[in-house]
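Residue numbers (our numbering), protein chains in the order written: chain P, 173 to 590; chain U, 2 to 294; chain E, 66 to 437. We put the beta carbon where it would ideally sit given N, CA and C, even for glycine. Just so you know, these numbers come straight off a predicted model, no measurement behind them.
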Amino acid sequence: MNTHFRSRTARGVAVVSALALTLTACGREGGGGGGGGGGSASPGITDDSVTLGVTTPLSGATAGPGTCTVAGVKAYFGAKNAEGGVEFGDGKTRTVDIRALDDTYDPQQAKANYDQLKNDVFAMTAGLGTPTNRAWRDAAIADEVPQVLIMTGDPLFSDTEESPWQLGFVPIYQNEGEAFGELLATSSEEHKVAILSQNDDYGEGYVEGFKSAIEGADNIEIVDELTYEATDTSVDAQITELASSGADIFFNAMSVTPLMIASLQKAQQLNWKPSWFLPSNTSSPGAILEPGGAAAYPGIYSVSFAKAPQSPAFAQDEDVVEYLAALKEHGDYPDPPAFPHCQWSWMIGATLEQAFGEMTEPTRENFMEALRSIEDFQAPLMLEGTAVNTSEEGQPAVSTLNVQKFNGKGYDTVESFG
Amino acid sequence: MGTFIQLVIDGLSTGSVYAALALAIVLVHSATGLINFAQGGMAVLAAYFAWYLTNQGVPLIVAILLSIVFSFALGAVVERWLMRRFERGDPDTAVVVTIGLLTLITGIAGWLWTYNNQQFPSLFPLDTVSFLGVSVSIRSIGTTVVIVVAMVLLQALFVGTKLGLALRAVAINPQSAAFSGLPVGRLLMVGWGLAAVLGAVAGALVAPQLTLTPGMLDNALVYALAAVILGGLTSPVGVVVAAWIIGILENLAAVYVPFIGHDLKIAVPFILLFVVLIVRPQGLFGRKTVVRV
Amino acid sequence: MASASSLSTSSRSAAAPAAAAPSFRQRRWVRMAAPLVLALVLAVLPLVLPEFANETIARIGVFAVAVLGLNVVMGYTGQVSLGQIFFLGVGAYVTAYGVQNDWNIVLVFVLACLIPAVAGLIVALAAARLGGLAIAMVTVALPIVGVPLAKRLSEFTGGSQGLSARFADNPEWTGLYDDQWQLYIVLVIGGIVFLLTRYLVRGKYGRAFAIVKGNENVASSMGISPYRYKVLAFTIASLIGGVSGFLYMLVVQYTSPETMSFGHSIELLAAMVIGGAGSIVGSILGGAWYVLVPQLTNAVDASLTALLQGAVLLLVLFVLPGGLASLPRALTRGRRRSGADRGVGAPPTTPSSTAGSGTAAEGSERERQGPA
Numbered sequence: 173m174n175t176h177f178r179s180r181t182a183r184g185v186a187v188v189s190a191l192a193l194t195l196t197a198c199g200r201e202g203g204g205g206g207g208g209g210g211g212s213a214s215p216g217i218t219d220d221s222v223t224l225g226v227t228t229p230l231s232g233a234t235a236g237p238g239t240c241t242v243a244g245v246k247a248y249f250g251a252k253n254a255e256g257g258v259e260f261g262d263g264k265t266r267t268v269d270i271r272a273l274d275d276t277y278d279p280q281q282a283k284a285n286y287d288q289l290k291n292d293v294f295a296m297t298a299g300l301g302t303p304t305n306r307a308w309r310d311a312a313i314a315d316e317v318p319q320v321l322i323m324t325g326d327p328l329f330s331d332t333e334e335s336p337w338q339l340g341f342v343p344i345y346q347n348e349g350e351a352f353g354e355l356l357a358t359s360s361e362e363h364k365v366a367i368l369s370q371n372d373d374y375g376e377g378y379v380e381g382f383k384s385a386i387e388g389a390d391n392i393e394i395v396d397e398l399t400y401e402a403t404d405t406s407v408d409a410q411i412t413e414l415a416s417s418g419a420d421i422f423f424n425a426m427s428v429t430p431l432m433i434a435s436l437q438k439a440q441q442l443n444w445k446p447s448w449f450l451p452s453n454t455s456s457p458g459a460i461l462e463p464g465g466a467a468a469y470p471g472i473y474s475v476s477f478a479k480a481p482q483s484p485a486f487a488q489d490e491d492v493v494e495y496l497a498a499l500k501e502h503g504d505y506p507d508p509p510a511f512p513h514c515q516w517s518w519m520i521g522a523t524l525e526q527a528f529g530e531m532t533e534p535t536r537e538n539f540m541e542a543l544r545s546i547e548d549f550q551a552p553l554m555l556e557g558t559a560v561n562t563s564e565e566g567q568p569a570v571s572t573l574n575v576q577k578f579n580g581k582g583y584d585t586v587e588s589f590g
Numbered sequence: 002m003g004t005f006i007q008l009v010i011d012g013l014s015t016g017s018v019y020a021a022l023a024l025a026i027v028l029v030h031s032a033t034g035l036i037n038f039a040q041g042g043m044a045v046l047a048a049y050f051a052w053y054l055t056n057q058g059v060p061l062i063v064a065i066l067l068s069i070v071f072s073f074a075l076g077a078v079v080e081r082w083l084m085r086r087f088e089r090g091d092p093d094t095a096v097v098v099t100i101g102l103l104t105l106i107t108g109i110a111g112w113l114w115t116y117n118n119q120q121f122p123s124l125f126p127l128d129t130v131s132f133l134g135v136s137v138s139i140r141s142i143g144t145t146v147v148i149v150v151a152m153v154l155l156q157a158l159f160v161g162t163k164l165g166l167a168l169r170a171v172a173i174n175p176q177s178a179a180f181s182g183l184p185v186g187r188l189l190m191v192g193w194g195l196a197a198v199l200g201a202v203a204g205a206l207v208a209p210q211l212t213l214t215p216g217m218l219d220n221a222l223v224y225a226l227a228a229v230i231l232g233g234l235t236s237p238v239g240v241v242v243a244a245w246i247i248g249i250l251e252n253l254a255a256v257y258v259p260f261i262g263h264d265l266k267i268a269v270p271f272i273l274l275f276v277v278l279i280v281r282p283q284g285l286f287g288r289k290t291v292v293r294v
Numbered sequence: 066m067a068s069a070s071s072l073s074t075s076s077r078s079a080a081a082p083a084a085a086a087p088s089f090r091q092r093r094w095v096r097m098a099a100p101l102v103l104a105l106v107l108a109v110l111p112l113v114l115p116e117f118a119n120e121t122i123a124r125i126g127v128f129a130v131a132v133l134g135l136n137v138v139m140g141y142t143g144q145v146s147l148g149q150i151f152f153l154g155v156g157a158y159v160t161a162y163g164v165q166n167d168w169n170i171v172l173v174f175v176l177a178c179l180i181p182a183v184a185g186l187i188v189a190l191a192a193a194r195l196g197g198l199a200i201a202m203v204t205v206a207l208p209i210v211g212v213p214l215a216k217r218l219s220e221f222t223g224g225s226q227g228l229s230a231r232f233a234d235n236p237e238w239t240g241l242y243d244d245q246w247q248l249y250i251v252l253v254i255g256g257i258v259f260l261l262t263r264y265l266v267r268g269k270y271g272r273a274f275a276i277v278k279g280n281e282n283v284a285s286s287m288g289i290s291p292y293r294y295k296v297l298a299f300t301i302a303s304l305i306g307g308v309s310g311f312l313y314m315l316v317v318q319y320t321s322p323e324t325m326s327f328g329h330s331i332e333l334l335a336a337m338v339i340g341g342a343g344s345i346v347g348s349i350l351g352g353a354w355y356v357l358v359p360q361l362t363n364a365v366d367a368s369l370t371a372l373l374q375g376a377v378l379l380l381v382l383f384v385l386p387g388g389l390a391s392l393p394r395a396l397t398r399g400r401r402r403s404g405a406d407r408g409v410g411a412p413p414t415t416p417s418s419t420a421g422s423g424t425a426a427e428g429s430e431r432e433r434q435g436p437a
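This is the structure:
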């Protein structure tokens, strides 16, 4: 494992010490806490390049969305680098390199990846997962390394008091649940709601937001509420139990693609045809609704801030065409992705470029300041009515959402239920 | 009452998924005395193979048959060129080799076909049949029927054929099997090949439901292992029945025992397993044999 | 670090074909001085190595201890356990909870050892009645049920968001960096655990474990209760697992239900076998494997980690079925047989031919590896 352990003669020790002293000289210089403010450049940035780090699952059960979180941002900056680079606020043009490491959704590995990257990269970004990002949040604060525009809806990362060096990208889970709850509360009819949620902060966040929005609305009653585990192979039992509740609204906070397809199929088999609410990451028309046979239901609602490339409405959209071409050429991602994380990651690239454009000094502090002052930025692929806003206290970079209804092929934005 | 019966039916169809994989594990164990963690991985590879062929315009049933042939070869090759080096050594090492194989196969599948969820066409339509207020899809019925047929064939193989007898003889004592003139090496290759065939059938049956991903059968593996032990390592009928019991009890416990709920229902098969093993160490249907492990 | 003699074999045989090697190794002053030198090197290393190297070695220490625990029950006593990660998880949770509630750190450490040990004892009292694969299945249940249980007990565990706890900021007087201080703690605690375990497995208990592993009927006839020793081994393994959980919190500073997922338990098992089952050095090598291989495959190509890890694992076991710790033995034998082709193992159709051609060294190897 390590040659030093094997050297046990006196000469060995001498050699080791000499070698190690040299290592220290280089090792400790680069280390320390992230640039200490002002003047001198932070690690990971030179006059002509900047390096960003990503730790995200690239193998294992969450590799599908995980791969996307890297592909999008890689494609974005790959295309920019091919044009010469990104212009920074200090007048210099830099190419942007992405160093992505696989953490297999293991918190311990995520921390190890962070330790490996922290002195070589300028900032950490785009990584997927609540536990994997939480694992090194404290360390990033202590080392003053930016951990920004990450893909978790955990509100902790958007609390500037608690997390001065962090910023989430996607809306917190509560926001998504709340958006649908608000829409439902405006309905003129009586509704019975059945809830199924993933047994973790993801599912809890959705349900919490939904419940807070329908509080006081006396036309809505929650008739049954169940959970499932992300590792389950089947949710048939839950769907059967919920179907017997006779609800006409099914709020399904589920993040697992095959289970979402299976639930859409199962409810039909039981002849239970409620209106559905689906989270933003499991509502893809091509990958989920079509195989699930969603056309059989009176309404499929979801929330989104990104254009769905599979949707025919956006097939000729300039943003979408450019994005899919770059994803193929620079993102190492040949097929159109089944996960929205690719789009989100592309937007992260654009948001980072926006922040770079405002940076006057090549330091992490200055970058955080620039990043936190983006207002009403319409990133490519964003839907009308949504925007990146980083200065809102307690909110991630994107906090505005459109509620949408499935029209058989893609989604339309809706203002009212029904 | 309608809900109760529906839950039982749901449990049967979920249990069939576990059973499909469990049968393949039993076959390898019967022939080699090993638990093959890579069984699910090999099944996924076969499913990708069939999926790839259908995308090239090959009809589904032909694609599945070709993937079965491919699997037999894969199983035999894995036995001859990889497992044979470990078969007579420490069984723990051999098990870890199958774990390594699982990792490798998952990695290859992810590399060749990405971690995107792929839609695998179903052999059976998704239409439903209703009776007694219970609805069940043709797909579930079809899956269950194929599993039962596989189980009967496997049981017949073990009990009624020379090949089955020879396979078991090899597992129990390879040396004396060799001395009595059995071609042990070839028998082991056939055993692994047949197990991979069962795996391929399982893969094609469950892929439409679970959608095709490199880790498609990882979560089912644990249940399949529980079914294998619960049913007794030697009995195909035993493991299928055990898989069904697991599927049904899990559902009923989740719905009717509030303390367990849907989050802790996974504990149910293990509690059951534990109680059964204390009373009957050889499992529900197993014979008392000398196990190599 | 404990088994100095076999370590020096490896460096010797790897370095040169020096004929004087054995006599040098056997000299008394070398045997006396070796542990001292090793201790000195370990004391100096954290001061001189770069930050990331220290963090990596500390992480290796954490998982080496976890693998050591698994080795006690599996490598030495022959009981398959697929649940070791559960005890690491319990130890980590106890530590995090204690630290968050400002308990005395020594008390926290003691509890992080005792609670997993008691949990292990309870499981073992029931499970040790079973043998073979049955005990493996019961232990599978621990991480499988442990994950949802940890979420259910969110009052203590923080649910799926997990618990963070930093308690290893170095005291002012040391003048050390955090990574150095943490590595020292890992080295001291890990070193003590390794030394104690070494005494355990080389003494009376170790011999009893080996007999139980070899043949339970023989053990009974010798007056050694297989049941009692299985329970003992399992409990000690759980206790060591708890220690590794404490160290995990020290180094990683965060735990969540993901920490104890079944997949990691399988990876620990693989690390143990690759390091070398029933070997102290093998446990260290196993810990190094657990930490370094993902790091290495990430460096080669982060999008192919699974493929590379599987391939490396198969390759290593194909060359060294006895694990990395058997490398010196394999080298010695290789030299003695001067390039005799080992190739792909001879097909088992001809058992008599291989048995006849084996040298003395291979004979003993075969015996060690034979069905236990």
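Listed in chain order, the positions of the region 401-412 of chain P with a beta carbon within less than 8 Å of a beta carbon of chain U are GLU401, THR403, ASP404, THR405, SER406, ASP408, ALA409, GLN410 and THR412. Each residue's CA atom was taken as its position, placing VAL346 of chain E and GLY134 of chain E some 13 Å apart. The Cβ atoms of ASN37 of chain U and VAL27 of chain U do not sit closer than 8 Å to each other. The beta carbon of GLY225 of chain P is closer than 6 Å to those of ARG271, LEU289, VAL293 and MET296 in its chain, skipping five residues each way along the sequence. Within the region 64-123 of chain U, the complete alpha helix (DSSP H) segments of 4 residues or longer fall at 85-88 and 92-114, listed in chain order. Interface with chain U (8 Å Cβ-Cβ cutoff): PHE128 of chain E is excluded. The three-state reading of DSSP puts GLU259 of chain P in strand, counting E and B together. Residue contact with chain P for SER321 of chain E: present (Cβ-Cβ distance below 8 Å to some residue of chain P). Cβ-Cβ distances below 7 Å link THR15 of chain U to GLY248 in the same chain, with the five nearest sequence neighbours on each side left out; the list follows chain order. Between the region 392-402 of chain P and the region 352-367 of chain P there are three or more C-beta pairs closer than 8 Å, enough to call the two in contact. Here the alpha carbons of GLY306 of chain E and CYS178 of chain E stand approximately 8 Å from one another. Contact residues of the region 218-231 of chain E toward chain P are GLY224, SER225, GLN226, GLY227, SER229 and ARG231 (C-beta to C-beta distance below 7 Å). The three-state reading of DSSP puts ASN574 of chain P in strand, counting E and B together. Assigned with DSSP and collapsed to three states, PHE549 of chain P falls in strand. Listed in chain order, the alpha helix (DSSP H) elements of length 4 or more contained wholly in the region 411-465 of chain P are 429-441. With contact defined as three or more Cβ pairs closer than 8 Å, the region 249-269 of chain P and the region 500-509 of chain P are in contact. LEU195 of chain E and PRO282 of chain U do touch by the CB rule: their CB atoms are close to 6 Å apart, below 8 Å. Spanning the alpha carbons of LEU213 of chain U and ILE106 of chain U requires a straight line of approximately 14 Å. Counting every other CB atom within 10 Å of its CB across the protein chains shown gives THR585 of chain P a total below 16, marking it as exposed. Here DSSP, grouped into helix, strand and coil, assigns HIS502 of chain P to coil. Residue environment analysis places GLN57 of chain U among the exposed positions, since fewer than 16 neighbouring C-beta atoms fall within 10 angstroms of its C-beta. Between the alpha carbons of ALA25 of chain U and GLN40 of chain U lies a gap of roughly 7 Å. Against VAL256 of chain U, the close residues of chain P are ALA409 and GLU413, in the order they occur along the chain (beta-carbon pairs closer than 7 Å). Counting along the chain, GLN319 of chain P sits inside the beta strand (DSSP E) bounded by residues 319-322. Residue pairing of TYR473 of chain P in beta bridges, as defined by DSSP: P:PHE449 and P:LYS577. Counted as a single uninterrupted DSSP element, the alpha helix (DSSP H) harbouring MET314 of chain E occupies residues 291-317. C-alpha of VAL268 of chain P to C-alpha of ALA497 of chain P: approximately 19 Å in a straight line.
The residue among P:GLY464, P:PHE511 and P:THR562 with its C-alpha nearest the C-alpha of ALA480 of chain P is P:PHE511. Closest in alpha carbon position to ILE331 of chain E, among E:TYR313, E:GLY351 and E:GLY343, is E:GLY351. DSSP, read as helix, strand or coil, puts PHE132 of chain U in strand.
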